[in-house]
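Residue numbers (my numbering): 1 to 500. For each residue, glycine too, the CB sits at the ideal point set by N, CA and C. The model shown is predicted, which means the values in this text are computed figures rather than measured ones.
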Ligand code: SF4
């Protein structure tokens, strides 16, 4: 049987800051520097702690990090390689929830104090956020046990690491460290084996794959910059990744210089936007999902024959705005059954409805029931407007909800289909939470949970799922099973501008 969690501080001042704050864990001091950490690490095996937390102060490397900010390492690097520390992610969410400024990223472990500006700049260029002296040796000594490295920044980028004892920033950082104790222990107490039930299908759909492919291909083939109107898909990771490749995201066309290349997002645009893009002599590449485009065609068809068109969708969503723009004077937005109940139409005999592609099927069914009762002759598209990817992911999350203590949905808050997955899981009786990535996992969701259901919205990259599984694996191990309710083989062709 393992011993209690171990919290390791290097300096006496760090030890003093944490003393009395880590109830339930053993607090020890290893001494400053790599050599002392290596010597102390030799005793770690005899103690056999259930988890190891390496906590203290450090120097900042990233210019965006300020004195008193916290860096939770997702990776510790020494001169010879790197060690992943995925299991520490729930600590990030817990500390953010307490109001701390927290960054998650690599910590570089040096064998000497790094107070030379050129050396700090060189380390910062590798992507490391902070530099310390002991973590690599201690992580190695932890020998695969659940381990977290948490550093409070004393001196921001290009400051002097040796300044701890001489500037108020040192006292400030130690004050922050003092307040971290309970969260460190809460994280260490998460350690237990778990089962992860993956929903299948999950993550990218064919429309999202196509949209990302379009931007990436445009970046290779067309003169830069490549502008993208609105988020290409509603996911912060996808947008950040494409920005890093050179894409420029804008809200409206007036931010795009004449004669440049513009990509329309997967959610589609109104005819007015297309007309304006043509007037501005923009080279347009249309990443509208073909299934969204199909809804536009239906809305146009119904409106052109004189019907009042009811659009069931969410106000302010990019897709809804685009569809409304097909016939603004004829299309009426209803968001739910209550809206449908209150809807007043001049001619109730000539009515049709279309839907946003990412609605929850149950909610939409309630709204359609009301519309059918109030307008018995109402028509609709021959095929369902809620797309195959939305439907499959909702069925899959239903399938895992019943056997999960908590369901984690990966996706951004502005992602309609991801939000719907949370709602469907909750309606199926599960606790469910939406997170952008593993750093959103809150310890209180995981505490006591033996079975974690896991899925991802159609706009969330698959690697985020792997990272959550990796996080859970690192805090006690996981058995992974998958419940697949549908096999998706759909692929869409690329527009001619980027095909071939
Ligand atoms: S969720 Fe559906 S409509 Fe939206 S991009 Fe994916 S396939 Fe297309």
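Quick one: grab the DSSP three-state call for residue i.
i: residue 294; result: helix
i: residue 370; result: helix
i: residue 304; result: helix
i: residue 116; result: coil
i: residue 451; result: strand
i: residue 428; result: coil
i: residue 168; result: helix
i: residue 130; result: strand
i: residue 311; result: strand
i: residue 62; result: coil
i: residue 275; result: helix
i: residue 148; result: strand
i: residue 33; result: coil
i: residue 267; result: coil
i: residue 489; result: coil
i: residue 45; result: helix
i: residue 186; result: helix
i: residue 14; result: helix
i: residue 500; result: coil
i: residue 19; result: coil
i: residue 494; result: coil
i: residue 415; result: coil
i: residue 281; result: coil
i: residue 441; result: coil
i: residue 461; result: coil
i: residue 362; result: helix
i: residue 527; result: Residue numbering for the chain in the displayed model covers 1 to 500; residue 527 lies beyond these limits and cannot be assessed.
Tell me, please, which residues DSSP counts as bridged to residue i.
i: residue 6; result: 26, 52
i: residue 375; result: Answer is none; residue 375 lacks a bridge partner.
i: residue 195; result: 451, 479
i: residue 103; result: 71
i: residue 109; result: 132
i: residue 84; result: 75
i: residue 299; result: According to DSSP, residue 299 bridges with nothing at all.
i: residue 456; result: 410
i: residue 155; result: 59
i: residue 286; result: 264
i: residue 434; result: 409
i: residue 484; result: 200
Against chain B, does residue i count as a neighbour if the rule is that its beta carbon must be under 8 Å from one of theirs?
i: residue 212; result: Among the chains of the structure shown, chain B does not appear; only one protein chain is present.
Considering only heavy atoms of the ligand COA, does any lie closer than 7 Å to the CB of residue i?
i: residue 467; result: Annotation note on the ligand COA: not contained in the displayed structure, which lists the ligand SF4 as its ligands.
message: Just to be sure I understand the criterion: a residue counts if its Cβ is closer than 6 Å to at least one heavy atom of the ligand SF4. Which residues meet that?
response: Here the residues come out as 205, 206, 207, 208, 266, 289, 291, 292, 357, 358, 387, 389, 390, 417, 458.
query: Unbroken beta strand (DSSP E) runs of length 3 or more, entirely within the stretch 205-264: which are they?
result: As far as the stretch 205-264 is concerned, its whole beta strand (DSSP E) runs of at least 3 residues are 226-229, 247-250, 261-264.
query: Which runs of the alpha helix (DSSP H) spanning at least 4 residues fall entirely within the stretch 314-359, listed in chain order?
result: Listed in chain order, the complete alpha helix (DSSP H) runs (minimum 4 residues) inside the stretch 314-359 are 318-324, 337-342.
- request: Tell me the start and end of each unbroken alpha helix (DSSP H) in the stretch 381-405 that is at least 4 residues and wholly inside, in chain order.
  value: You should have 388-401.
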